[in-house]
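Single-structure report; data block below.
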């Protein structure tokens with residue numbers, strides 16, 4: 001998406017620059033701001049998945065794009081990190097009223113970011129972009145939570161968050177658990193490693209035993225050959 005810096009009036013750019021600077025200096029709780037000196041009309045952020053939701057522990061990268069008619073027209077929001085959520089489309093587009101009919105120029109970007117974070121706590125299945133997520137949220141919450149949690153673990157934990165154009169900061173958000181982004185490692189049951197080790201030990205013992213048998217057999221063959229040679233003499 002092209003930058004709109006050249007399309008916005010200087011007074012709007014000044015206001016945007018001031019607000020983005022304030023956000024970076026004093027961000028909303030659980031949200032990191034990554035302003036760009038090159039393009040102030042595209043704001044990259046990272047939102048911590050709220051506790052008590054299937055997104056807890058994840059870091060969700062997102063961007064806000066300010067169009068040429070901002071602030072008369074609301075910004076557009078996109079999740080860069082894959083997320084299973086009724087109000088997030090398959091390409092990451094976000095459907096929330098504050099970015100549509102409820103928008104007012106005086107609301108500001110801080111209000112937008114807080115509203116999107118609240119959307120992770122209170123999804124709205126009535127305006128679903130992801131119809132499957134919306135249906136599951138209404139009909140089978142356990143399945144919805146399972147799917148949302150699975151995508152969170154795969155894409156938003158262990159450094160797998162969508163990070164296009166976003167500087168990396170190892171101290172961002174809660175530190176993910178080891179192997180949080182690898183489902184195969186998470187599924188190893190307690191004690192399974194010990195069983196595997198025992199199994200390897202057993203295989204090693206079998207191999208050693210087999211090698212010993214082969215050596216004994218070879219030695220016996222040598223003896224027999226020697227006896228036959230002596231008889232011929």
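Numbering (UniProt numbering), first residue to last: 1 to 233. Positions of the beta carbon are idealized from the N, C-alpha and C atoms, including for glycine.
Between the alpha carbons of residue 143 and residue 134 lies a distance of about 11 Å. The C-beta distance from residue 4 to residue 66 rounds to 6 Å, short enough to meet the 8 Å contact threshold. For residue 32, the closest C-alpha among the options 131, 129, 121 and 49 is that of 49. Residue burial annotation: residue 117 is buried, with at least 16 other C-beta atoms found within 10 angstroms of its C-beta. Distance from the CA atom of residue 140 to the CA atom of residue 8, rounded to whole angstroms, is 46 Å. Listed in chain order, the beta strand (DSSP E) elements of length 3 or more contained wholly in the region 36-98 are 42-48, 59-65 and 76-79.
The three-state secondary structure of residue 104, taken from DSSP, is coil. Following the DSSP letters along the chain, one finds residue 31 inside the beta strand (DSSP E) bounded by residues 31-34. Residue 94 sits close to residue 77, with the two beta carbons spaced by under 8 Å. Judged by their CB atoms, residue 40 and residue 80 are not nearer to each other than the 8 Å cut-off. For residue 101, the number of other beta carbons within 10 angstroms of its own is below 16, and it is reported as exposed. Remark: C-beta atoms of residue 46 and residue 35 do not approach each other more closely than 8 Å. Excluding the 5 residues flanking it on each side, residue 137 has same chain C-beta neighbours closer than 7 Å at 86, 123, 125 and 144, in chain order.
The C-beta of residue 52 has fewer than 16 other C-beta atoms within 10 Å across all chains shown, which makes the residue exposed. For residue 150, the number of other beta carbons within 10 angstroms of its own is below 16, and it is reported as exposed. The C-beta of residue 96 has 16 or more other C-beta atoms within 10 Å across all chains shown, which makes the residue buried. About 31 Å separates the beta carbon of residue 148 from that of residue 70, a gap too long to meet the 8 Å contact definition.
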